[in-house]
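Worksheet: one structure, shown below.
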Amino acid sequence: MKNALVTASYAPDFRRCQLLCETIDRFVTGYTKHYILVEHRDITLFKQLETPNRIIIDENDLLPGWIRPFPDPTNFGRRRIWLSPKTMPLRGWHMQQLRRIAIAKYTDDDALIYIDSDVTFLKPFDCASFWRGNTMRLFRRDGDLLRPVPGDQLIWSENAGNLLGVTPVSIVGHDYIGTLIAWRRDAVIGMCNLIEKRSGKHWVAAIGRTRKFSECMIYGRYVDEVLNARGHYHDGEEFCRIHWSAPAPTDAELVKFVEEMAPYQVAIGIQSFLGDGTDRIRKLFF
């Protein structure tokens, strides 16, 4: 099976993405290409990371021409907003999700392995770990949404169900959101085709009608409730250990965080809103 790594990023995450690339080159095997998906204006910056098997891709080559970024007037242009006649106004994190879906039609690999910019590999990892023969690992926290959950995860799952025409989330309640996860390329294409058939719209327009969506929820619910998990097996172990909450960890806390990684965990993710952190990670672990 052929595996591609996929990272959606942007300029403020460049140094984190640079460290990710260094640790992929050091620790990760079993993949053909590493695709980094960025906005058009960030192409020149990220081209510094390009190698024969690391390709920087302009979102203009992935997404319809009718959706484009503009400076956001609500914060004096410091951030970006994507506007179109077919979607709600979308932010950068929305567009990263859409790029992650769109890459499926760009490559011919069997698996798309998604890795966020703020991930750092600390141990060897073979991408073949996502496969059992011809079946692919689907990350799933069973019934997690049937318990009280923070944020908008229930809404994301509900909106995914509406797109796909599947069971209400209150009945199923699985959570599919994770870092260092894999999708089958053929399933992603099938998911987009179903969304277009049901909505009568381009899949980007159908998803972008609401600003509250999660690509992981859409894919997970498609696999489980449309494909009946065909071609997949379930696993709830998180290959990447994530530090989610503020404040940013001290050096001692970060070392302890790494020491407490589970045996199957091969990487850490320090959420980008906690600060850059790349120099500290290099100092402590490399």
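For the sequence shown, this note's numbering assigns the number 2 to the initial residue and increments by one for each residue that follows. Glycine is no exception: its CB is placed at the ideal position from the N, C-alpha and C atoms. Fair warning: this is a prediction, and the values are worked out from it, not measured in the lab.
- Excluding its 5 nearest sequence neighbours in each direction, residue 144 has C-beta neighbours in its own chain below 6 Å: 174, listed in chain order.
- Selection 142, 250, 104 evaluated against residue 236 yields 142 as nearest (Cα-Cα).
- When the alpha-carbon of residue 73 is set against those of 66, 16, 67, 83, the nearest one is in 83.
- Between residue 63 and residue 103, the gap from beta carbon to beta carbon is short of 8 Å.
- In the DSSP annotation of this structure, the continuous segment of the alpha helix (DSSP H) that includes residue 24 starts and ends at 15 to 28.
- The alpha-carbon of residue 110 is positioned some 8 Å away from that of residue 2.
- Of all C-beta pairs linking the stretch 161 to 178 to the stretch 256 to 271, fewer than three are shorter than 8 Å, placing the two stretches out of contact.
- Annotation for residue 163: the continuous alpha helix (DSSP H) segment containing it runs 154 to 165.
- Between residue 91 and residue 234, the beta carbon gap of about 33 Å keeps them out of contact (Cβ cut-off 8 Å).
- Per DSSP, the continuous alpha helix (DSSP H) segment holding residue 259 begins and ends at 252 to 260.
- From the listed residues 101, 29, 68, the smallest Cα separation to residue 58 is found for 101.
- A direct Cα-Cα distance of roughly 14 Å separates residue 48 from residue 8.
- The shortest C-alpha to C-alpha distance from residue 152 to any of 28, 223, 15, 215 is the one to 215.
- In the DSSP annotation of this structure, the continuous segment of the beta strand (DSSP E) that includes residue 140 starts and ends at 136 to 140.
- In this structure, 80 is the residue among 75, 226, 80 with its C-alpha nearest to the C-alpha of residue 12.
- For residue 29 against residue 122, the beta-carbon gap comes to about 6 Å, under 8 Å, which counts as contact.
- In the displayed model, residue 207 falls within a helix according to three-state DSSP.
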